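For the record, the sequence lines run as chains S and P. Each residue of the first sequence is one higher than the one before, counting from 1 in our numbering. Each residue of the second sequence is one higher than the one before, counting from 1001 in our numbering. Think of the CB as a built atom: it goes at the ideal place given N, C-alpha and C, for glycine as much as any other residue. Keep in mind it's a predicted model, so treat the numbers as computed, not measured. The structure under discussion appears below in the form of structure tokens.
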Amino acid sequence: MNTLFREKKANAKKIMFKSIDEYPEVPITLGTTLSNFTGDWRNFMPVVDESKCIKCYICWKFCPEPAIYIKEDGYIAVDYDYCKGCGVCANECPTKAITMVREEK
Amino acid sequence: MPKKVISGNYAAAYAAKHARVEVVAAYPITPQTSIIEKIAEFIANGEVENLEYVPVESEHSAMAACIGASATGARTFTATSAQGLALMHEMLHWAAGARLPVVMVNVNRAMAPPWSVWDDQTDSLAQRDTGWLQFYAENNQEVYDGVLMAFKIGEHEKVNLPVMIIESAFILSHTYDVVDMLEQEEVDEFLPPRKPLYSLTDFDNPFSIGALGTPADYYEFRYKIAKAMEEAKKIIKEVGKEFGEKFGRDYSQMIELYKTDDADIVFMGMGSLMGTVKEAVEILRSEGYKVGAAKVRWFRPFPREELYELAKSVQGIAVLDRNFSFGQEGILFNEAKGVLYNTGAKPIMKNYIVGLGGRDLTVNDVRKIANNMKKIIEKGELDKEIDWYHLKR
Chain S
1 MNTLFREKKA
11 NAKKIMFKSI
21 DEYPEVPITL
31 GTTLSNFTGD
41 WRNFMPVVDE
51 SKCIKCYICW
61 KFCPEPAIYI
71 KEDGYIAVDY
81 DYCKGCGVCA
91 NECPTKAITM
101 VREEK
Chain P
1001 MPKKVISGNY
1011 AAAYAAKHAR
1021 VEVVAAYPIT
1031 PQTSIIEKIA
1041 EFIANGEVEN
1051 LEYVPVESEH
1061 SAMAACIGAS
1071 ATGARTFTAT
1081 SAQGLALMHE
1091 MLHWAAGARL
1101 PVVMVNVNRA
1111 MAPPWSVWDD
1121 QTDSLAQRDT
1131 GWLQFYAENN
1141 QEVYDGVLMA
1151 FKIGEHEKVN
1161 LPVMIIESAF
1171 ILSHTYDVVD
1181 MLEQEEVDEF
1191 LPPRKPLYSL
1201 TDFDNPFSIG
1211 ALGTPADYYE
1221 FRYKIAKAME
1231 EAKKIIKEVG
1241 KEFGEKFGRD
1251 YSQMIELYKT
1261 DDADIVFMGM
1271 GSLMGTVKEA
1281 VEILRSEGYK
1291 VGAAKVRWFR
1301 PFPREELYEL
1311 AKSVQGIAVL
1321 DRNFSFGQEG
1331 ILFNEAKGVL
1341 YNTGAKPIMK
1351 NYIVGLGGRD
1361 LTVNDVRKIA
1371 NNMKKIIEKG
1381 ELDKEIDWYH
1391 LKR
């Protein structure tokens, strides 16, 4: 699961300020995407069928998040910590290798 | 020191040049003024080094570009007026919220409709709650001095807030007067290069600005701005005092008091009209009136403590507002009355709506107001609270 930012994401800590003195003077980098995940907004999740994938990376280019990354073997994968389930990847995939599946929570 | 006979707009441009501004982003067409024209001329003539001028397509974009530039640590300046300032509104909040000490000169011009190119304070006062410091200049000299001090105050490590220097349309912006300018070395000594709170060019420590602030955090950042504004009062006085000691023009008071020590009636107001009022005070005093003038230099932060001190010793305050908040009253009147409510000082206060859209307030008008105030004080009650003084009846 811990893929897009590897160890950085695994080691990230959520920033919590307990008193006014702990706050920075300016609202910069309050939290970070390393610890603030937006994947739980998702209702439909993209599922990749590697047997149909031709490694064209059109999905990788179109993902607005971006939550799609390229694995070492050249196939693409989705980082579900960030994927909001918009379905753009499935729509753009020329070989229909990505299917949107309703997610049960 | 080099004295020049120049307009308020040129005084602003020279001050920006002497402050060694690094980025000027401005919309170059109406309601822009000769401030930006003059700065463009400095660049064309090769009179300034390291100054990037960014012409943009609107005032909203002008302020956005200034915010971006200031976030890299650059000393940033712009100018606008009336409808242009109104178009910037959203970005004004942004500059203050991101704690960027952009300095802007606003030419106080009446809001349309009807179209007007004359003096009126409602444009800048409508930006009251954006988190900008506001300084109202009485004359061209104060425009020049104000811009130089604005950088020093806004960039101060305890402030980090944008500053608006405000000059009256036409009366200052286009009228020529003697301005005693400083030598470049004097300005350099007074105003060292900016030390930014943060810089987007810090590539080793990347960060984002303007990220989401949830209800768990937003509140604390508002408090930080409120606190910086309070701190700014001290810094304004310090810088104003230093300016006086170095260059002979003291700005240590946020409210300039003119002959108020033994005055029964004080005229309070802002901007160029206070020049006329001071003149009137001179004349009225020679006629036996015990009057004085209180010129509010800084409207934000509001000089609560100074106003309280003044109010303790006077019987009546005539607040002269060259502005109006529809459905309420003059804006300075509203603020001043509010400050005094929880204090023991309760002078009789009356609001005179004067000079809207550039209508002149003359010495004779000030005399009539003094007579009216005298009557009110004798009777011990107001005839009316808000007086549309010039109204043709």
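7 angstroms Cβ cutoff met for residue i and residue j
| i | j | result |
| --- | --- | --- |
| Asp-73(S) | Leu-4(S) | no |
| Leu-1432(P) | Leu-1273(P) | This structure leaves residue 1432(P) out entirely; chain P is present only between 1001 and 1393. |
| Thr-1122(P) | Met-1104(P) | no |
| Phe-1267(P) | Leu-1340(P) | no |
| Leu-1284(P) | Ala-1370(P) | yes |
| Ala-1293(P) | Val-1277(P) | yes |
| Tyr-954(P) | Gly-1271(P) | The shown model of chain P, from 1001 to 1393, leaves out residue 954(P), and the question about it has no answer. |
| Ile-1209(P) | Ala-1098(P) | yes |
| Ala-1232(P) | Pro-1303(P) | no |
| Leu-1148(P) | Ala-1019(P) | yes |
| Ala-1062(P) | Thr-1078(P) | yes |
| Thr-29(S) | Phe-1207(P) | yes |
| Val-1102(P) | Pro-1028(P) | no |
| Tyr-1053(P) | Ile-1067(P) | no |
| Lys-1152(P) | Val-1239(P) | yes |
| Trp-1118(P) | Gly-1330(P) | no |
| Gly-1046(P) | Leu-1172(P) | no |
| Ala-1074(P) | Val-1024(P) | no |
| Ile-1225(P) | Gly-1131(P) | yes |
| Ala-1263(P) | Val-1291(P) | yes |
| Gly-85(S) | Asn-43(S) | yes |
| Ala-1011(P) | Asn-1140(P) | yes |
| Gly-1316(P) | Ile-1377(P) | yes |
| Tyr-75(S) | Cys-56(S) | no |
Those residues which DSSP pairs with residue i across a bridge
| i | result |
| --- | --- |
| Glu-949(P) | Residue 949(P) is absent from the model: chain P starts at 1001 and stops at 1393. |
| Met-1349(P) | Ile-1317(P) |
| Val-47(S) | Thr-99(S) |
| Lys-1295(P) | Glu-1256(P), Gly-1269(P) |
| Tyr-1136(P) | Ile-1166(P) |
| Tyr-1223(P) | DSSP, once it has assigned bridges, lists no residue as partnering Tyr-1223(P). |
| Val-1023(P) | Glu-1052(P), Thr-1076(P) |
| Ile-28(S) | Ile-1209(P) |
| Ile-76(S) | Ile-70(S) |
DSSP state of residue i mapped onto helix, strand, coil
| i | result |
| --- | --- |
| Gly-37(S) | Looking at the sequence shown, residue 37(S) is not Gly but Phe. Residue state, collapsed to three classes: coil. |
| Asn-11(S) | helix |
| Ser-1007(P) | strand |
| Ile-68(S) | strand |
| Tyr-82(S) | coil |
| Ile-1043(P) | helix |
| Arg-1300(P) | strand |
| Ile-54(S) | coil |
| Glu-1157(P) | coil |
| Ser-1070(P) | helix |
| Ser-1081(P) | strand |
| Asp-1202(P) | coil |
| Ile-1209(P) | strand |
| Ile-1029(P) | coil |
| Tyr-1389(P) | coil |
| Pro-1216(P) | Reading off the sequence, residue 1216(P) comes out as Ala, not Pro. Ala-1216(P): coil per DSSP, three-state reduction. |
| Val-1277(P) | helix |
| Tyr-1251(P) | coil |
| Val-1179(P) | strand |
| Asp-1119(P) | strand |
| Asn-2(S) | Unreliable placement is indicated for Asn-2(S), whose pLDDT of 46 sits below 50; the coordinate value is still reported in the next sentence. If DSSP states are grouped into helix, strand and coil, Asn-2(S) belongs with coil. |
| Phe-1324(P) | coil |
| Tyr-1289(P) | coil |
Residue environment, residue i, which counts as buried when at least 16 other CB atoms sit within 10 Å
| i | result |
| --- | --- |
| Ile-1165(P) | buried |
| Phe-1190(P) | buried |
| Pro-1192(P) | exposed |
| Ala-90(S) | buried |
| Met-1088(P) | buried |
| Arg-102(S) | exposed |
| Lys-1038(P) | buried |
| Lys-1379(P) | exposed |
| Ile-70(S) | exposed |
| Ile-1260(P) | First, the residue type needs correcting, since residue 1260(P) is Thr and not Ile in the sequence shown. Buried, because 16 or more other Cβ atoms sit within 10 Å of the Cβ of Thr-1260(P). |
| Trp-17(S) | One point to set straight first is that residue 17(S) is Phe, not Trp, in the sequence displayed. So Phe-17(S) ends up on the exposed side. |
| Met-1(S) | Bear in mind that a pLDDT of 41 at Met-1(S), under 50, signals an unreliable position, so the model cannot answer this. |
beta-carbon residue i near the ligand MG non-hydrogen atom, thresh 6 angstroms
| i | result |
| --- | --- |
| Val-1178(P) | The model depicted lacks the ligand MG and carries no ligand whatsoever. |
Cross-chain neighbours of residue i in chain A, by beta carbon under 9 angstroms
| i | result |
| --- | --- |
| Tyr-23(S) | Given the protein chain composition of this structure (S and P), no chain A is represented. |
Cβ contact check for the segment 1003 to 1023 of chain P and the segment 1178 to 1189 of chain P: 3 or more pairs under 8 angstroms: Yes, the segment 1003 to 1023 of chain P touches the segment 1178 to 1189 of chain P.
Stretch pair the segment 1237 to 1248 of chain P + the segment 1304 to 1318 of chain P: three plus CB contacts closer than 8 angstroms: no
Stretch pair the segment 47 to 61 of chain S + the segment 90 to 104 of chain S: three plus CB contacts closer than 8 angstroms: yes
Three-pair Cβ contact test at 8 angstroms for the segment 1346 to 1353 of chain P versus the segment 1380 to 1389 of chain P: yes
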